Amino acid sequence: MKRRDFIIKGVSAGLVAGTAGGLGNIVKLAAAVPGSYDLVAVRDGEPDIMFDKAIAAMGGMPRFVKKGQKVLVKPNIGWDVAPERAGNTNPKLVGRIIKHCFNAGAAEVYVFDNTCDEWNLCYRNSGIEKAVKDAGGKMVPGNTESYYHTIQIPAGKSLKTAKIHELLLNTDVFINVPVLKHHSSANLSLSMKNLMGVVWDRRYWHRNDLQQCIADFASLRKPTLNVIDGYRVMMRNGPRGVSTADVVTMKQLIMSQDIVAADAAATRIFGSNPSDIPHIRIADEMKTGTLKLESLNINRIKI
Amino acid sequence: MRQLLYLKNIRKVISIFSFIAISFVFIAPPQWLSVGYVTVVTWLQFIPSAIQFTDVLKISAAGFIAVFIITFFGGRLYCSVICPLGTLQDIFSWLARRIKRKEHLRFSKAHSLFRYSSLAIILILLGAGSITGVLLLDPYSNFGRIMASLIRPVMVFGGNITAGLLESFDVFALPRIAYKDFHFGTLIFSALFLLLLIIMSVKRGRLFCNTLCPVGTLLGVLSKVSFLRIRLDESKCNSCGKCSKNCKSQCIDVAKKQVDYSRCVTCFNCLDVCPSVGVSYTAKFAKKAGIDQINTLEINAGARRRTLKAILVISAFSGLKAYATRVTGGENPTTIPEARTRVSTPPGSENNNHFNARCTACQLCVTSCPTQVLQPSLIEYGIEGFMQPYMNYHAGFCNYECTFCGEACPTGAIQSLKPDEKKLKRVGLAKFIEKNCVVYTDKTDCGACSEHCPTKAVNMVPYEGKLAIPRVDEKICIGCGACEFACPTRPYRAIFVEGIAQHEIADKPLQDKIIFKNTSEDFPF
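Line by line, the protein sequences give chains A and B. Start counting at 1 in the first sequence, then tack on 11, and there's your number in our numbering. Start counting at 1 in the second sequence, then tack on 6, and there's your number in our numbering.
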């Protein structure tokens, strides 16, 4: 995207923002300038367009990515399924994020996931590998333990140490891009759950109170930005899904620096109550973020 | 006649080319292989092709017929350029000569009794329904095992180090490979076989091919009547014996000016060294060539020799320790052992009998399996099926969409399935052990098994409070092992796959109606 388009889109996003929230939001209009929101929610657009609007409302990518920085974009690429199955993050969204990073002057953008199905099949069949390469980013493997290094989690209750991928240690900016979906073990798979894909030993989490471990790990390094892909949403049989009948095209996108708030908003979109999702409730109690959406300055954008 | 002297070089080039091409399928990362490539490079391998052909009578499995035709025409060219184990022996002999100037070989009598009786034993075993003899002596399968269990670990280790170096320059083209499991049974067998092969080839050239190898013996019978053959021309031969000294089959009797065609592997070494063009490769009934047609050729074999480049490979296995699966759940070890009575055979193998009677344990499916769920057995199939692969769900699980092993298997022990067939092909059934399950023992959420299940045969159903516990729907379970692989409890897992003797067609995964969700016009917050 050209810089000029970007500014125009940014401005229009701001305009929409002023009208989108309904009456309840008018009070907050005075504060409604790009970059001052705690959370941006966009709906009814294509994944890439929704991201354009959201990041503009957040103040543009240069706010998060400085010239010459290395960026890690972490989508969910857990499964060997096609994009229509909504088991993985939308490739169009991932590609667009990378372009924004480069436009902001990123030196390099890396993408990886510690996948559940065979990694190279997931990378390929999710469409993400191609989207990343087309956008100029680099797909990095995460398939052997040698990529992972042990770190301490000081605030962790059940999870006190974990082996995390070296990219997390070597990059300046961390953009977390989960897909919103049903999850048979964690209720929902969102931003915090997506972080499970940067660690090596997931079995330990399952063995030692999964919900607590998810919240524990979120206390470690908060992503610079969380972007939740709610374009296609798997409503049941998650996290892998059985067929496209599990999927509803909802065309939503949530963006926030507060990982708990982002998950809480996405939970609402899914139709659940954030405090019913144990790992969101625990993370809120651990003060990793807040699930009280009413206390936040939210920009709601309809396309 | 002069062009015949190039035959040895042509033989060398083709044999090295086919050796490298076939080695690649055993040592390359699985994602670099395609079905087409694997099929082409294994097509002419005699025993796999013969096994497959008797099963399916397809032209695509007719490689061994081509080998028969080639042998009738030109002798045991198969042994000299197609068989990778033959080339491997040549490499050992050549290395031995380079390292230590050893004595030349000389003519020896055929070990006919040994040869034919070992072929007879193999055939009798086959007749009795056991493939064990073929499995243990097939040259292609032995080559596969040497590559898969001895060379591949070294390649993986070196490859991973190289990949790490490249990655420090931001190049991610070479994938690292997680080497899942060592199999000491296969490793030790392959090492001993290799040792035997080295000793035989260093001391006696192609002795293996002319004693133990069933393909060598069989083709030896045919090559006795081959059209083109090596001949000693009495009128030109000056009995210098160079041909015999360089004959790796030790089958040229200079005194009698006779060649034992059953042992000759048509390597053309004799043509190359003959100073008087007394040796020729000509039609069986060819007239003797006139002397005036031929000039004496000066051949300086020594000048053709090249210097040896020694490759040192450090096989430091200690680094592989890092790949070992981390044992978790130290706090609450599980108590009920997984009572598996039968391991699963890969999808497409239909049943244990079909699979065990056809698999020669070449390890091709093991090295090309993207998830490494296929691993060589020790005694899982009994002694007879030693080294035949089975589904090891602790090493990996069968990828739902993948049909590679069936398409790649050169013997047809695993037959190819269409993706839709494969997704319903049941090779085992998941069994849940509730008392081992985290949800039961710890009263916390887990559900790793259900997450990984591609058909949701393992589903989470309401349990105490807000917890959910796995339940298996056997009608739609295909036994892919994703649940067993993912289960975090140790030392025993809470869910495992019990093999079934006869593969079945599972019901299609349950699919509720499409969801119509009112996404309203507004935001729910």
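Ideal Cβ placement from N, Cα and C applies to all residues, glycine included. Treat the numbers as computed from the prediction; the structure is a model and nothing was measured.
Roughly how many whole angstroms lie between the Cα atoms of B:I204 and B:C276?
23 angstroms
Are the C-beta atoms of A:L304 and some chain B residue less than 8 angstroms apart?
yes
Is it right to say B:H360 is buried, meaning 16 or more other beta carbons lie within 10 angstroms of its own, or is it exposed?
buried
Along the region 451-465 of chain B, where does the CB come closer than 8 angstroms to a CB of chain A? Name the residues.
D451, C452, G453, A454, S456, E457, H458, C459, P460, T461, K462 and N465
What residues in its chain sit with their C-beta under 7 angstroms from that of A:T275, if we drop five residues either side in the sequence?
Note that residue 275 of chain A is Ala in the sequence shown, not Thr. Here the set comprises P285, I291, L302 and L304.
Could you work out which residues of chain D lie near B:V62, taking near to mean beta carbons separated by less than 8 angstroms?
Annotation note: the requested chain D is absent from the structure, which comprises protein chains A and B.
Listing by chain order, which chain B residues have their CB less than 7 angstroms from the CB of A:K149?
D176 and F178
B:C365: which of B:L91, B:F175, B:P416 and B:R112 sits nearest, CA to CA?
B:P416
Any idea if B:H110 is buried or exposed, counting beta-carbon neighbours within 10 angstroms, 16 or more meaning buried?
exposed
Three Cβ pairs or more, each shorter than 8 angstroms: is that satisfied between the region 119-131 of chain A and the region 141-148 of chain B?
no
Starting from the C-beta of B:F25, find all residues in its chain whose C-beta is less than 6 angstroms away, skip the five residues before and the five after it, and write them out in chain order.
P90 and T93
For A:V238, would you say it is in contact with chain B, using Cβ-to-Cβ distances shorter than 8 angstroms as the test?
no
Under three-state DSSP, which class holds B:T503?
Going by the sequence as given, residue 503 of chain B is Val instead of Thr. Of the three classes helix, strand and coil, the one that applies to B:V503 here is strand, per DSSP.
8 angstroms is my cut-off, CB to CB: does A:T126 come that close to chain B?
no
Specify, as a first and last residue, the run of the beta strand (DSSP E) that B:F438 falls within.
K431 to F438
CB contact below 8 angstroms: A:Q222 versus chain B
yes
Measure the alpha-carbon distance for B:R235 versus B:G69 and round it to whole angstroms.
22 angstroms
Within 8 angstroms, strictly: CB atoms of A:K84 and A:I108:
Note that residue 84 of chain A is Val in the sequence shown, not Lys. Yes, the pair counts as a contact, with Cβ atoms nearer than the cut-off.
Report all residues from its chain with a CB closer than 7 angstroms to the CB of B:Q51; omit the five preceding and five following residues, and keep chain order.
G69, Y146 and P416
Can at least three beta-carbon pairs, one atom from the region 433-445 of chain B and one from the region 484-493 of chain B, be found at a separation below 8 angstroms?
yes
Please list, in chain order, the chain A residues whose beta carbon lies closer than 8 angstroms to that of B:Q517.
V253, S254 and A256
My output table needs one value for A:K78: the three-state DSSP class, helix, strand or coil.
coil
Just to make sure I have the definition right: I need the residues of chain B whose C-beta is within less than 9 angstroms of the C-beta of A:R292. Which are they?
Per Cβ cutoff of 9 angstroms: no residues; A:R292 is ~11 angstroms from chain B at best.
Taking only the alpha-carbon atoms, compute the straight-line gap between A:P102 and A:P94 and give it to the nearest angstrom.
7 angstroms
In chain order, what residues of the region 28-42 of chain B put their CB closer than 9 angstroms to some CB of chain A?
P35, P36 and Q37
Determine the DSSP secondary structure at A:H176, reduced to helix, strand or coil.
strand
Could you name the residues of the same chain whose beta carbon sits closer than 6 angstroms to that of B:N338, not counting the 5 residues immediately before and after it, in chain order?
T447
Looking at chain B, is there any beta carbon in it that lies within less than 8 angstroms of the beta carbon of A:A146?
no
Tell me the DSSP secondary structure of A:M245 in three-state form.
strand
Could you check how far apart the C-beta atoms of A:D124 and A:K174 are, in whole angstroms? I think they sit under 8 angstroms.
At roughly 15 angstroms, the Cβ-Cβ gap does not stay under 8 angstroms, so A:D124 and A:K174 are not in contact.
Under 8 angstroms between C-beta atoms of A:V151 and B:F178
yes
If we call anything under 8 angstroms between Cβ atoms a contact, is B:V542 one with B:C455?
Here chain B covers residues 7 to 531 and nothing more, so residue 542 of chain B does not appear.
Any C-beta of chain B sitting closer than 8 angstroms to the C-beta of A:T155?
yes
Closest by CA to A:T299, which one among A:P234, A:T182, A:L178 and A:I60?
A:P234
Roughly how many angstroms lie between the CA atoms of B:T138 and B:Q369, to the nearest whole one?
15 angstroms
Can you give me the Cβ contacts of B:N357 inside the same chain, cut-off strictly under 7 angstroms, excluding the 5 residues immediately before and after it?
A507, Q508 and H509
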